[in-house]
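Chemist: Got a structure for you, questions after.
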Amino acid sequence: MARGIRARTLMIAVAAAIPLAACSSTDPTPASNDSTGAAGAKGGTVTVYHENDFEHLDPVRSFVTDSSMASKLISRKLMEYKWDGAAEQIVLTNDLAETVEHSEDFKTWTFTLKDGLKYEDGTPIKAADIKYNVERSFVPDMSEGAPYARQMVVCEEGYKGPYSPPGNNGGKGCSGITTPDDKTIVFTLQTANPEFDHTTTMPTFAPVPEAKDTKTDYDNHPVSSGPYMIENYERDKTLTLVRNPHWDASTDEVRTALPDKFVFVFGQDPATVDQRLILDGEADQASLSFSAVQPANLGKLNQPRVKDRVVEGEDVCRRYIAFNQQKELLKDQKLREALYVGLDRQAWISGRGGERLNRLVDSIIPSSMKGYHEGNPFPAPPTGDVAKAKQLLAESGYNGETLTLGTADVGVAVKAAEAAQASWKKIGVNIEIRKIVGANYYTQQQNDESATDLITAGWCYDWASLSSVVPPVLGPDTSQAGKAGPNNYSRSQVGWDKMAEIREMSDNDAAQEAWSTLYDEIMKTAPLVPISQDLNIYVTGSRITNATADPNTGGLIDLAQIAVKPGS
Numbered sequence: 014m015a016r017g018i019r020a021r022t023l024m025i026a027v028a029a030a031i032p033l034a035a036c037s038s039t040d041p042t043p044a045s046n047d048s049t050g051a052a053g054a055k056g057g058t059v060t061v062y063h064e065n066d067f068e069h070l071d072p073v074r075s076f077v078t079d080s081s082m083a084s085k086l087i088s089r090k091l092m093e094y095k096w097d098g099a100a101e102q103i104v105l106t107n108d109l110a111e112t113v114e115h116s117e118d119f120k121t122w123t124f125t126l127k128d129g130l131k132y133e134d135g136t137p138i139k140a141a142d143i144k145y146n147v148e149r150s151f152v153p154d155m156s157e158g159a160p161y162a163r164q165m166v167v168c169e170e171g172y173k174g175p176y177s178p179p180g181n182n183g184g185k186g187c188s189g190i191t192t193p194d195d196k197t198i199v200f201t202l203q204t205a206n207p208e209f210d211h212t213t214t215m216p217t218f219a220p221v222p223e224a225k226d227t228k229t230d231y232d233n234h235p236v237s238s239g240p241y242m243i244e245n246y247e248r249d250k251t252l253t254l255v256r257n258p259h260w261d262a263s264t265d266e267v268r269t270a271l272p273d274k275f276v277f278v279f280g281q282d283p284a285t286v287d288q289r290l291i292l293d294g295e296a297d298q299a300s301l302s303f304s305a306v307q308p309a310n311l312g313k314l315n316q317p318r319v320k321d322r323v324v325e326g327e328d329v330c331r332r333y334i335a336f337n338q339q340k341e342l343l344k345d346q347k348l349r350e351a352l353y354v355g356l357d358r359q360a361w362i363s364g365r366g367g368e369r370l371n372r373l374v375d376s377i378i379p380s381s382m383k384g385y386h387e388g389n390p391f392p393a394p395p396t397g398d399v400a401k402a403k404q405l406l407a408e409s410g411y412n413g414e415t416l417t418l419g420t421a422d423v424g425v426a427v428k429a430a431e432a433a434q435a436s437w438k439k440i441g442v443n444i445e446i447r448k449i450v451g452a453n454y455y456t457q458q459q460n461d462e463s464a465t466d467l468i469t470a471g472w473c474y475d476w477a478s479l480s481s482v483v484p485p486v487l488g489p490d491t492s493q494a495g496k497a498g499p500n501n502y503s504r505s506q507v508g509w510d511k512m513a514e515i516r517e518m519s520d521n522d523a524a525q526e527a528w529s530t531l532y533d534e535i536m537k538t539a540p541l542v543p544i545s546q547d548l549n550i551y552v553t554g555s556r557i558t559n560a561t562a563d564p565n566t567g568g569l570i571d572l573a574q575i576a577v578k579p580g581s
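Numbers in this note's numbering are just positions in the sequence shown, counted from 1, shifted up by 13.
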């Protein structure tokens with residue numbers, strides 16, 4: 014699921030985690046298990062169960078919502094989003110930046126850092142470290158992360174980051190990023206962008222000290238600029254975070270950072286975790302899960318000892334299946350239309366746990382966002398239109414070939430894929446399901462050589478604007494001519510010229526309308542079929558307090574705000 018699934022691709026597993034971020038939302042308010050809203054006590058250890066290991070913790074490569082939530086504890090950015098329960102909205106908040114200024118034409122943005130910012134080893138965080146990490150986003154081997162810097166910042170043609178060629182452009186790096194002093198960083202943009210401060214909530218705009226950069230191995234131990242640092246990381250087993258002694262709470266408006274430690278435990282069966290959390294044994298009273306409650310256990314949530322520990326909320330993410338047009342068969346629009354109208358979306362939702370956990374959608378644009386239009390160009394009932402799909406299939410060049418449908422090899426994701434497979438069999442299309450390890454799912458689907466024909470995905474906007482929906486999901490990779498962007502799983506090339514024109518627009522309202530119109534035009538070519546929105550339901554241990562489902566990060570429980578009640 015691509016938070017993009019922050020952006021962010023939506024975590025492809027059970028919960029609504031692959032790209033997110035939002036500056037505001039009119040979606041229903043997430044619920045908390047702490048009605049008092051009190052921050053809670055300082056201390057304690059939180060255990061977080063997760064079905065998969067994280068795909069990336071390197072901030073320049075992190076673009077999936079579960080990774081983004083964990084990274085929020087380790088890496089700070091220039092700006093950040095914070096869920097404000099009192100105001101019932103997601104608020105753009107200064108993180109590392111003390112001040113933000115822009116030129117009248119919105120092409121030059123200047124950020125000044127706060128005083129007293131330090132890494133886990135006590136060395137100061139410098140503006141040059143943020144510049145260096147942004148430059149790392151130009152490295153082809155790190156292209157899985159947020160693409161916005163490559164798309165927006167003025168840089169030398171063909172620039173590929175600080176590793177190649179040697180010398181990093183004679184020591185200057187990307188010329189559109191300058192650091193006049195240790196506390197100031199200036200970005201020169203290719204076009205006017207009144208939303209660039211929202212863009213800097215992306216992990217790309219976190220600091221990485223060049224001296225500690227281990228390139229692709231940086232995933233294993235990113236140097237902490239946040240309240241926690243890595244004590245131990247055993248891939249696919251556990252990740253332990255302990256306090257960063259040099260984090261200064263007075264500089265951080267986003268993270269309460271009350272627990273002393275977080276222990277992530279990977280590879281746990283969600284149904285088993287449900288049972289443990291519902292029973293609330295002593296070992297799990299300070300525990301929670303990144304997987305939503307499994308459908309079979311929903312009926313147990315009304316028990317007196319359980320109902321006060323339930324956390325519910327929605328997110329801004331949307332799930333869909335993309336039709337990979339690099340595959341010869343999927344270049345046939347009639348076949349894509351047949352797959353679109355022939356999909357039994359109701360069965361898909363049943364596979365994912367039913368209507369309490371999912372809601373049908375008709376667009377990858379959230380209904381709360383300006384620019385959303387109800388309906389779609391290929392209307393069909395929730396159960397699909399078998400007759401219409403068969404007609405379209407007969408008009409296509411399909412001759413019984415087998416198409417591969419990619420899905421993460423976890424929980425309800427497989428059941429949903431099986432529902433899609435069964436519904437397409439009814440219209441005469443042969444589908445083979447390819448299960449992919451969840452921690453590697455999006456990396457494999459972004460690779461042209463290993464991507465499947467049909468790609469289960471999800472996207473969560475990075476800020477509440479169509480500019481963080483339409484170009485990432487349907488647009489080009491601006492650093493590589495003729496190549497689809499890393500989260501354009503349909504590999505559609507429709508409207509790319511128009512996207513370049515819209516990026517030049519300084520009138521934000523006009524740009525939003527243009528993005529909306531372009532989205533409608535692209536969808537007439539059936540690049541993907543929108544399916545559902547997750548409705549997130551979690552249960553926590555009885556000692557967890559102030560747990561809120563953060564709509565900005567896939568509806569996951571916000572680890573930056575929770576606390577642990579003292580044990581008995």
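Just so you know, even glycine gets a beta-carbon here, dropped at the ideal spot from N, CA and C.
With a threshold of 7 Å on Cβ separation, who are the neighbours of L548 within its own chain once the five nearest residues in sequence on each side are excluded?
Modeler: Translated into positions along the sequence shown, residue 548 becomes position 535. Result list for L548: E327, R369, L370, N371 and R372, in chain order.
Chemist: Enumerate in chain order the residues of its own chain whose CB-to-CB distance from P379 is below 6 Å, with the five nearest sequence positions on each side excluded.
Modeler: On the sequence shown, residue 379 is found 366 positions in, with the first residue counted as 1. Once the five neighbours on either side are set aside, the close Cβ partners of P379 are V329.
Chemist: Going by DSSP in three states, Q316 sits in which element: helix, strand or coil?
Modeler: Taking the first residue of the sequence shown as 1, we reach residue 316 at position 303. Reduced to three states, the DSSP call for Q316 is coil.
Chemist: In its own chain, which residues sit with a C-beta less than 8 Å from the C-beta of N453, not counting the 5 before and 5 after it?
Modeler: Counting from one through the sequence shown, the residue named residue 453 turns up at place 440. E68.
Chemist: What does the Cβ neighbour count give for E414, buried or exposed, with the cut at 16 atoms within 10 Å?
Modeler: Here the question's residue 414 lines up with position 401 in the sequence shown. E414 is exposed by the Cβ-count criterion.
Chemist: Under 8 Å between the Cβ atoms of P308 and Q359?
Modeler: Translated into positions along the sequence shown, residue 308 becomes position 295. Translated into positions along the sequence shown, residue 359 becomes position 346. Not in contact: P308 and Q359 (Cβ atoms no closer than 8 Å).
Chemist: Could you confirm whether any beta carbon from chain C is found closer than 8 Å to the beta carbon of T456?
Modeler: Checking the listed chains, one finds no chain C in this structure; it contains a single protein chain.
Chemist: Under 8 Å between the Cβ atoms of T217 and V147?
Modeler: Counting from one through the sequence shown, the residue named residue 217 turns up at place 204. Counting from one through the sequence shown, the residue named residue 147 turns up at place 134. Going by C-beta atoms, T217 is nearer than 8 Å to V147.
Chemist: Quick one: what does DSSP say I138 is sitting in, helix, strand or coil?
Modeler: Here the question's residue 138 lines up with position 125 in the sequence shown. It is coil, neither helix nor strand.
Chemist: Please report the distance separating the alpha-carbon of Q164 from that of Y455.
Modeler: Indexing the sequence shown from 1 puts residue 164 at position 151. Indexing the sequence shown from 1 puts residue 455 at position 442. Cα-Cα distance, rounded: 20 Å.
Chemist: DSSP three-state call for T538: helix, strand or coil?
Modeler: Against the sequence shown, residue 538 aligns to sequence position 525. Coil.
Chemist: Buried or exposed: where does P41 fall if 16 or more other Cβ atoms within 10 Å of its Cβ makes it buried?
Modeler: Along the sequence shown, read from residue 1 onward, the residue named residue 41 stands at position 28. Because P41 carries a pLDDT of 34, less than 50, the predicted location of this residue cannot be relied on, and the following value inherits that uncertainty. Label assigned to P41: exposed.
Chemist: Along the beta strand (DSSP E) that carries Y241, what are the first and last residues, could you check?
Modeler: If you number the sequence shown from 1, residue 241 lands on position 228. Y241 to E247 is the extent of the beta strand (DSSP E) around Y241.
Chemist: Which same chain residues, not among the five before or five after T212, have their C-beta less than 6 Å away from its C-beta?
Modeler: Walking along the sequence shown from the start, residue 212 turns up at place 199. If we look at T212 and ignore the five residues flanking it on each side, its Cβ neighbours are Y161.
Chemist: For Q458, does the three-state DSSP call read helix, strand or coil?
Modeler: What you label residue 458 is simply residue 445 of the sequence shown in a count that begins at 1. Helix, per DSSP.
Chemist: Would DSSP call H211 helix, strand or coil?
Modeler: Locating residue 211 in the sequence shown gives position 198, counting from the first residue. Correct three-state label for H211: helix.
Chemist: Mark R248 as exposed unless 16 or more other C-beta atoms lie within 10 angstroms of its C-beta, in which case mark it buried.
Modeler: Within the sequence shown, numbered from 1, the residue matching residue 248 stands at position 235. Exposed.
Chemist: Quick check on the burial criterion: 16 or more other C-beta atoms within 10 angstroms. Buried or exposed for A34?
Modeler: On the sequence shown, position 21 is the one that residue 34 refers to. Annotation note: pLDDT 29 at A34 (below 50); position unreliable, no value reported.
Chemist: Let me know the secondary structure DSSP gives R149 once reduced to three states.
Modeler: Locating residue 149 in the sequence shown gives position 136, counting from the first residue. It is helical.
Chemist: Please state whether the Cβ-Cβ distance between D461 and Q339 is less than 8 Å.
Modeler: For the purposes of this step, residue 461 is identified with residue 448 of the sequence shown, where counting begins at 1. For the purposes of this step, residue 339 is identified with residue 326 of the sequence shown, where counting begins at 1. Their beta carbons are under 8 Å apart, which means D461 touches Q339 by this criterion.
Chemist: DSSP state of E325, grouped into three classes?
Modeler: Within the sequence shown, numbered from 1, the residue matching residue 325 stands at position 312. It is a strand residue.
Chemist: Just the Cα atoms here: how many angstroms apart are I243 and K139?
Modeler: For the purposes of this step, residue 243 is taken as the residue at position 230 of the sequence shown. For the purposes of this step, residue 139 is taken as the residue at position 126 of the sequence shown. Answer to the nearest angstrom: the Cα atoms are 21 Å apart.
Chemist: Thinking S505 and I535 are a contact (beta carbons under 8 Å), I'd like their distance in whole angstroms, please.
Modeler: Here residue 505 refers to the residue found at position 492 of the sequence shown. Here residue 535 refers to the residue found at position 522 of the sequence shown. S505 to I535, Cβ: 7 Å. Contact.
Chemist: List in chain order: all unbroken alpha helix (DSSP H) runs of 4+ residues lying wholly within the segment 437 to 525.
Modeler: List check, alpha helix (DSSP H) in window: 454 to 459, 483 to 487 and 509 to 516.
Chemist: With distances taken from CA atoms, which of Y551, L292, V577 and L569 is nearest N559?
Modeler: Residue mapping note: residue 559 aligns to position 546 of the sequence shown, counting from 1. When each option's Cα is compared against that of N559, the closest is V577.
Chemist: What is the residue span of the alpha helix (DSSP H) that Y161 lies within?
Modeler: Here residue 161 refers to the residue found at position 148 of the sequence shown. Looking at the DSSP string, the run of the alpha helix (DSSP H) that includes Y161 is Y161 to M165.
Chemist: What is the rounded straight-line gap between the Cα of P579 and the Cα of T60?
Modeler: Within the sequence shown, residue 579 is the residue found at index 566, counting from 1. Within the sequence shown, residue 60 is the residue found at index 47, counting from 1. If I take the Cα positions, the gap works out to 15 Å.
Chemist: Indicate whether S503 and L531 have their beta-carbon atoms separated by less than 8 Å.
Modeler: Position 490 of the sequence shown holds residue 503. Position 518 of the sequence shown holds residue 531. No. Outside cutoff.
Chemist: So, E64 versus P283, is the Cβ gap smaller than 8 Å?
Modeler: As a position in the sequence shown, residue 64 is number 51, starting the count at 1. As a position in the sequence shown, residue 283 is number 270, starting the count at 1. Contact: yes.
Chemist: What did DSSP end up calling D287 once you bin it into helix, strand or coil?
Modeler: By 1-based counting over the sequence shown, the position of residue 287 is 274. In the structure shown, D287 sits in a helix (DSSP, three-state: H, G or I).
Chemist: In whole angstroms, what is the alpha-carbon distance linking R256 and D490?
Modeler: In the sequence shown, counting from the first residue as 1, residue 256 sits at position 243. In the sequence shown, counting from the first residue as 1, residue 490 sits at position 477. One C-alpha to the other measures close to 38 Å.
Chemist: Nearest by alpha-carbon distance to P207: which of R289, T264 and E517 is it?
Modeler: As a working mapping, residue 207 is identified with position 194 in the sequence shown. Comparing Cα-Cα distances from P207 to each of R289, T264 and E517, the minimum goes to E517.
Chemist: Between G189 and the rest of its own chain, which residues show a CB-CB distance below 6 Å, the 5 nearest in sequence each way excluded?
Modeler: Against the sequence shown, residue 189 aligns to sequence position 176. Contacts found: V166, V167, C168 and T201.
Chemist: Taking the C-alpha atoms as reference points, what is the distance between T39 and R331?
Modeler: Here the question's residue 39 lines up with position 26 in the sequence shown. Here the question's residue 331 lines up with position 318 in the sequence shown. Because T39 carries a pLDDT of 29, less than 50, the predicted location of this residue cannot be relied on, and the following value inherits that uncertainty. Using only the alpha carbons, I get a separation of about 15 Å.
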